[in-house]
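The structure appears below as structure tokens.
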Amino acid sequence: MALLTIRHYPDPVLKQVAEPIGQIDDEVKTLARDMVETMYAAPGIGLAAPQVGVSRRLIVLDCAPQGQPSQLIIAVNPEIIHRQGEHAREEGCLSVPDYCCCTPRAEKVRVRFHDLQGRTVEMDSEGLEAVAFQHEIDHLDGLLFVDHLSSLKKGVFRKKYRKMLKQQEQSP
Ligand code: NI
106 MALLTIRHYP
116 DPVLKQVAEP
126 IGQIDDEVKT
136 LARDMVETMY
146 AAPGIGLAAP
156 QVGVSRRLIV
166 LDCAPQGQPS
176 QLIIAVNPEI
186 IHRQGEHARE
196 EGCLSVPDYC
206 CCTPRAEKVR
216 VRFHDLQGRT
226 VEMDSEGLEA
236 VAFQHEIDHL
246 DGLLFVDHLS
256 SLKKGVFRKK
266 YRKMLKQQEQ
276 SP
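The numbering of the sequence shown is this note's numbering, which starts it at 106 and goes up by one.
This is the structure in structure tokens:
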């Protein structure tokens, strides 16, 4: 297993639409395992393959509260097939360090994906996990949570973030 490097905004790979996965071969399984390890090490509750520089449709998530047994989900070619309700909560992203904002999402989603054995899974999800699914699947479509902000707020974000990146460059 290996820890992978997490790409940060504005890395162009984060803007790409990721390719569907055909064969769930050893390469895909190794990538999934490495992504799980990288997510837990970060620590984060979700990670999408483009965030580690691989433009393919694979996500991992674990939204179990701290101290609770893990609820790891590895989803190949995930898609949201039903959305219900509205919900906004503060979101962050491992690719956009040190920035959080409230993002409008569906409250409940039904998701369809393949597991690593190639079986089709359909599951209903709500709350934090539903948000995580929407956030991670967005990554596969080249979208970041900040892309859901109004254009005014997006402008504020970009300005703030540029300033922050500049400060990081200057500090040793
Ligand atoms: Ni993210």
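Backbone N, C-alpha and C define an ideal beta-carbon position, used for all residues, glycine too. Computed from a predicted structure; not experimentally measured.
For Thr208, does the count of other Cβ atoms within 10 angstroms reach 16, so buried, or fall short, so exposed?
Stepping through the sequence shown from its first residue, residue 208 is reached at position 103. Answer is buried; the Cβ neighbour count reaches 16.
Taking the alpha-carbon of Pro170 as reference, which of Glu142, Pro148, Ser276 and Asp131 has the nearest alpha-carbon?
For this step, residue 170 is matched to residue 65 along the sequence shown. Nearest C-alpha to Pro170: Pro148.
Quick check on the DSSP output: the beta strand (DSSP E) that includes Phe218 runs from which residue to which?
As a working note, residue 218 is residue 113 in the sequence shown. It spans Lys213 to His219 - the beta strand (DSSP E) in which Phe218 sits, taken as one unbroken run.
In chain order, what residues of the same chain have a beta carbon less than 7 Å from the beta carbon of Ala193, not counting five sequence neighbours either side?
The residue labelled residue 193 in the question sits at position 88 within the sequence shown. Correct list, in chain order: Cys207, Thr208, Pro209 and Arg210.
What residue range is occupied by the uninterrupted alpha helix (DSSP H) comprising Ser256?
The residue labelled residue 256 in the question sits at position 151 within the sequence shown. Where Ser256 is concerned, the enclosing alpha helix (DSSP H) stretches over Ser256 to Gln275.
The beta strand (DSSP E) spanning Leu233 covers which residue range?
Residue 233 sits at position 128 when you count from the first residue of the sequence shown. Looking at the DSSP string, Leu233 is not in any beta strand (DSSP E); the run it does join, the alpha helix (DSSP H), is Gly232 to Leu245.
Measure how close the beta-carbons of Leu166 and Gly151 come, nearest whole angstrom, since I'm counting them as under 8 Å.
Along the sequence shown, read from residue 1 onward, the residue named residue 166 stands at position 61. Along the sequence shown, read from residue 1 onward, the residue named residue 151 stands at position 46. Yes, they are in contact, since the Cβ atoms of Leu166 and Gly151 sit about 4 Å apart, within 8 Å.
In terms of DSSP beta bridges, what is Cys207 paired with?
If you number the sequence shown from 1, residue 207 lands on position 102. Bridge partners of Cys207: Glu195.
Does the stretch 113-123 come into contact with the stretch 243-255, if we say contact requires no fewer than three beta-carbon pairs (one atom in each stretch) closer than 8 Å?
Counting Cβ pairs under 8 Å, three or more are found: they touch.
Near Leu199, which residues of its chain fall below 7 Å by C-beta distance, leaving aside the five closest residues on each side in sequence?
Looking up residue 199 in the sequence shown gives position 94. Ile111, Ala147, Gly149, Leu152 and Gln156.
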